[in-house]
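Enquirer:
Numbering (UniProt numbering), first residue to last: 1 to 746.
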């Protein structure tokens with residue numbers, strides 16, 4: 001109720017008949033009148049001044065009603081007004097959302113990118129769009145069929161865009177299922193209330209085969225004369241708006257392929273198979289932000305061979321030897337040639353033919369070459385070194401298109417009908433010390449052979465035939481003179497072998513002809529006498545290693561070392577380099593004991609030298625190394641590791657924390673879980689609290705802000721939780737002070 005004046009009212013739509021407002025008037029007014037946009041719904045009681053509705057307002061029909069209200073006297077004359085009265089209709093959620101189609105259809109490609117929309121659904125709501133009443137949200141209610149635990153499709157709840165899910169991108173396959181039906185719902189009130197209106201529509205989706213496929217292996221003939229670039233293939237993305245690019249698998253100095261924005265792949269220049277016969281690279285698609293759209297496709301190129309390379313003789317001159325007594329059909333050797341064209345194809349198939357040979361005596365066809373293998377053979381049994389000792393052949397090699405001439409030199413060698421003969425049948429003896437170095441020459445020997453020099457028939461090989469079971473000696477031959485040098489191959493040892501009675505033979509690498517045999521002329525004798533040398537003791541091992549716990553008692557046996565003297569003298573032991581005096585050794589037995597307490601924290605790997613000395617000759621000594629690895633035990637309590645004591649700025653505001661850190665000299669596994677606590681001190685527990693951050697750090701925090709400016713002593717207990725656990729009580733100085741900054745006190 002109130003006096004007549006300009007007024008605005010907000011009235012929810014619907015609701016039927018109801019009062020809005022009662023106007024009061026001043027005399028002589030006795031009645032009221034309303035005019036304007038009443039629309040048969042709004043009126044005023046003339047005598048009482050009650051503005052009322054005789055029906056329901058509808059926001060969707062009219063959102064504002066503009067009226068004029070005035071008061072009248074008994075004669076109907078205006079007393080007050082007219083005043084403007086505006087009624088704003090408030091929307092209520094009385095309209096369900098409606099899809100713009102009863103049924104939607106869409107097409108998606110196999111392997112489409114997850115989250116990339118391929119269709120949209122759209123709905124509208126007649127309620128006020130500025131209110132939640134018309135705020136719509138989309139979802140998928142059903143999915144037919146749904147063969148996997150996750151849906152194959154997803155919908156943007158705001159835009160209604162439908163796209164493949166990650167599962168769908170992977171599993172959609174028209175060969176397995178080419179049609180899906182989605183029941184898509186739309187809710188108003190942004191879907192945030194159970195009273196929201198819901199509508200639904202069917203979406204029929206057809207799955208089609210992916211366009212994004214790697215082409216089959218591409219074959220390109222080398223040395224093409226076409227105008228480049230040449231179109232060799234094309235790929236198609238399921239997404240029409242992508243950017244195509246090539247990713248090189250091999251980083252080549254010159255990459256002869258490109259792709260345009262229609263997915264057409266080009267070779268940009270002629271290829272050479274002999275330079276590179278295959279290429280592999282990837283085609284990728286990107287969006288405008290440079291992000292990959294499709295999975296990369298691997299492109300495989302094979303360069304096809306053409307016959308563009310001539311045969312090449314493997315050697316400028318092939319030299320072969322044949323004995324003058326070789327029979328017809330004997331293999332002399334093989335002429336080798338190559339062709340860079342593709343192996344095992346007609347382009348690289350080589351055939352051989354003898355064009356000529358000189359001299360042509362005693363016949364013009366002494367030699368034959370196998371057409372496809374290059375193997376040279378004798379055609380007769382009539383070679384005679386006295387008639388011709390050398391032959392020169394010209395051999396034609398062809399691949400059907402190109403050809404080459406290869407030169408072959410055949411040397412006719414004397415037959416091996418002479419045996420080597422030693423200049424001495426006995427080289428008597430030599431006396432050498434057992435300490436003589438390996439490689440020392442102790443004898444030179446000489447045999448001669450009557451066959452043709454510088455051939456396999458006259459070259460001499462010396463060997464120790466008897467008297468050297470362990471191959472202690474070796475004989476090397478000087479090629480030019482056939483002189484032999486007997487050398488020490490393995491260390492001499494008087495105690496093992498004081499004398500060697502050697503039988504040495506001389507042979508040829510080329511077999512002797514039938515009827516000729518080696519005899520005693522090809523043998524000689526030699527005696528080696530080894531003298532004793534006083535040698536130092538020898539340890540059984542070059543390095544001795546031991547692992548012990550750092551807390552083992554003094555006088556504990558660590559290890560025993562052993563050495564022997566080759567001459568049988570008694571050995572005595574001692575230690576060198578025991579700088580910490582941790583060890584002692586029994587000089588007679590080699591047993592090593594702890595002499596004092598060990599400490600891994602001082603030195604984890606302790607290395608000393610063990611010396612073995614002959615009892616009767618102190619100058620003869622040898623040494624070995626002892627490596628002692630100390631295992632850690634939990635024998636060090638934790639301690640605080642802080643360069644400066646913590647401080648808090650006065651006055652405290654609350655919530656301050658100080659970072660504290662603990663360390664332990666033991667290995668990490670003994671303090672991997674430090675625990676921090678306050679000592680059982682009432683004052684400390686009333687004023688401070690401590691909370692663990694990680695294995696080695698904690699926060700110290702004031703429990704209130706009523707602290708004075710001074711240094712407080714806070715007793716902190718740190719436990720390393722080792723085996724056995726060790727703890728330390730630390731009186732932590734905490735400074736509460738006025739600060740010049742957040743980093744320091746005044």
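The beta carbon of each residue, even a glycine, is placed where N, CA and C say it ideally should be. Note that this is a predicted model, so its numbers are computed, not measured.
What is the DSSP secondary structure of residue 49, counted as helix, strand or coil?
Expert: Collapsing the DSSP output to three states places residue 49 in coil.
Enquirer: Which of the three DSSP states is assigned to residue 429 in this structure?
Expert: strand
Enquirer: For residue 23, count the other beta carbons within 10 Å of its own beta carbon; 16 or more makes it buried, fewer makes it exposed. Which is it?
Expert: buried
Enquirer: Please state whether the Cβ-Cβ distance between residue 369 and residue 401 is less than 8 angstroms.
Expert: no
Enquirer: Quick check for students: name the residue ranges of the beta strand (DSSP E) that lie wholly in the UniProt domain "Cadherin" (6-99), counting only runs of 3 or more.
Expert: 7-12, 18-24, 31-36, 42-44, 50-53, 64-72 and 78-90
Enquirer: For residue 204 versus residue 153, is the C-beta distance shorter than 8 angstroms?
Expert: Taking 8 angstroms as the Cβ cut-off, residue 204 and residue 153 do not qualify as a contacting pair.
Enquirer: Just to confirm before moving on: does the CB-CB distance between residue 450 and residue 487 stay below 8 angstroms?
Expert: No, these two residues do not count as a Cβ contact at 8 angstroms.
Enquirer: Going by beta carbon distance, what residues of the same chain come within less than 7 angstroms of residue 564, once the five residues before and after it are set aside?
Expert: In its chain, beyond the 5 residues on either side, 537, 538 and 571 have a beta carbon closer than 7 angstroms to the beta carbon of residue 564.
Enquirer: Rounded to the nearest angstrom, what separates residue 663 and residue 688 at their Cα positions?
Expert: 22 angstroms
Enquirer: Could you tell me how far apart the beta carbons of residue 550 and residue 630 are, in whole angstroms, since I believe they sit closer than 8 angstroms?
Expert: Contact between residue 550 and residue 630 holds, since their C-beta atoms are separated by about 5 angstroms, short of 8 angstroms.
Enquirer: Can you name the start and end residues of the beta strand (DSSP E) that residue 484 belongs to?
Expert: 483-488
Enquirer: Just mark residue 620 as buried or exposed, buried being the case when its beta carbon has 16 or more other beta carbons within 10 Å.
Expert: buried
Enquirer: With 16 as the cutoff for other CB atoms within 10 Å, does residue 175 come out buried or exposed?
Expert: exposed
Enquirer: As a quick exercise: from 191, 33, 262 and 109, pick the residue whose alpha carbon is nearest that of residue 238.
Expert: 109
Enquirer: Quick one: complete beta strand (DSSP E) runs, 3+ long, within the segment 195-261?
Expert: Uninterrupted beta strand (DSSP E) stretches at least 3 residues long and entirely within the segment 195-261 occur at 198-208, 218-221, 230-234, 243-248 and 257-259, given in chain order.
Enquirer: Starting from the Cα of residue 383, find the closest Cα among 340, 350 and 328 and give me that residue.
Expert: When only C-alpha atoms are compared, the closest one is 328.
Enquirer: CA-CA distance, residue 670 and residue 676?
Expert: Residue confidence for residue 670 is low, a pLDDT of 45 falling below 50, so the modelled location carries little weight; the figure read from the coordinates is stated next. Each residue's Cα considered, the two are about 15 angstroms apart.
Enquirer: Would residue 600 pass as a contact of residue 611 if the rule is Cβ separation under 8 angstroms?
Expert: no
Enquirer: With DSSP collapsed to three states, give me the class of residue 642.
Expert: Reduced to three states, the DSSP call for residue 642 is coil.
Enquirer: Quick check on DSSP: helix, strand or coil for residue 346?
Expert: helix
Enquirer: In terms of residue numbering, what span does the alpha helix (DSSP H) encompassing residue 691 cover?
Expert: Run containing residue 691: none in the alpha helix (DSSP H); it sits in the beta strand (DSSP E), 688-692.
Enquirer: Give the secondary structure of residue 109 by DSSP, where H, G and I count as helix, E and B as strand, and everything else as coil.
Expert: strand
Enquirer: At least one CB of chain E closer than 8 angstroms to the CB of residue 727: is that the case?
Expert: Annotation note: the requested chain E is absent from the structure, which comprises a single protein chain.
Enquirer: So, at 6 angstroms on beta carbons, what are the nonlocal neighbours of residue 142 in its own chain, with the 5 sequence-adjacent residues on each side left out?
Expert: Excluding positions up to five away in sequence, the list reads 183.
Enquirer: Have a look at residue 116 and residue 155 and give me their C-alpha separation to the nearest angstrom.
Expert: 10 angstroms
Enquirer: Among 93, 532 and 185, which residue has its Cα nearest to the Cα of residue 104?
Expert: 185
Enquirer: Are there 16 or more other CB atoms within 10 angstroms of the CB of residue 458, so buried, or fewer, so exposed?
Expert: Looking at its Cβ environment, which holds 16 or more other Cβ atoms inside 10 Å, residue 458 is buried.
Enquirer: So, at 7 angstroms on beta carbons, what are the nonlocal neighbours of residue 293 in its own chain, with the 5 sequence-adjacent residues on each side left out?
Expert: 113, 237, 239, 242, 285, 286 and 287
Enquirer: Any heavy atom of the ligand SAM closer than 7 angstroms to the CB of residue 141?
Expert: In the structure on display, the ligand SAM does not appear, and there are no ligands present to speak of.
Enquirer: Identify, in the order they occur along the chain, each residue of the same chain with its Cβ nearer than 6 angstroms to the Cβ of residue 637, setting aside the five sequence neighbours on each side.
Expert: 726 and 728
Enquirer: As a quick exercise: from 362, 721, 453 and 126, pick the residue whose alpha carbon is nearest that of residue 480.
Expert: 453
Enquirer: With residue 163 as the anchor, note down where its beta strand (DSSP E) starts and where it stops.
Expert: 161-164
Enquirer: Give the secondary structure of residue 167 by DSSP, where H, G and I count as helix, E and B as strand, and everything else as coil.
Expert: helix
Enquirer: Decide if residue 342 is buried, meaning its Cβ has at least 16 other Cβ atoms within 10 Å, or exposed.
Expert: buried
Enquirer: Within 10 angstroms of its Cβ, does residue 295 collect 16 or more other Cβ (buried), or is it exposed?
Expert: Residue burial is scored here from C-beta neighbours: residue 295 has fewer than 16 other C-beta atoms within 10 angstroms and is therefore classed as exposed.
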